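Data block below; observations after.
Numbering (the working numbering), first residue to last: 235 to 342.
Right, here's the structure in full:
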């Protein structure tokens with residue numbers, strides 16, 4: 235670490251330092267505060283960019299709501315038709331053989 239001239243007293247009285255000069259600590263603090271401020275600006279810009287992207291995703295998702303409603307309606311109609319049908323012989327045989335999918339009658 236390099237050594238920097240610093241006043242020995244709090245106000246620098248009795249030395250060749252002007253009253254308005256800043257100490258090394260104050261200079262470093264101002265530099266760090268400036269860097270932090272820049273970082274916050276970058277974070278804010280990135281959050282705004284993320285927000286716009288999320289809004290775009292939601293907008294695209296909303297465009298599919300009518301398609302989803304149509305498929306839902308189709309699914310409900312198909313489910314009602316399935317319930318209204320009487321069981322077929324193939325479905326009855328399928329249940330009897332343990333659901334293995336065989337349509338041939340069992341020989342017992």
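Beta carbons: idealized from backbone N, C-alpha and C, even for Gly.
Note that this is a predicted model, so its numbers are computed, not measured.
When secondary structure is reduced to three states using DSSP, residue 298 falls in the coil class, being assigned neither helix nor strand. A direct Cα-to-Cα measurement between residue 282 and residue 312 gives close to 45 Å. Under the three-state reduction of DSSP output, residue 314 falls in the helix class. Look at residue 319 here: in three-state DSSP terms it is coil, with no helix or strand label.
Spatial neighbours of residue 314 in its own chain (CB-CB distance under 7 Å, excluding positions within 5 residues in sequence) are not present.
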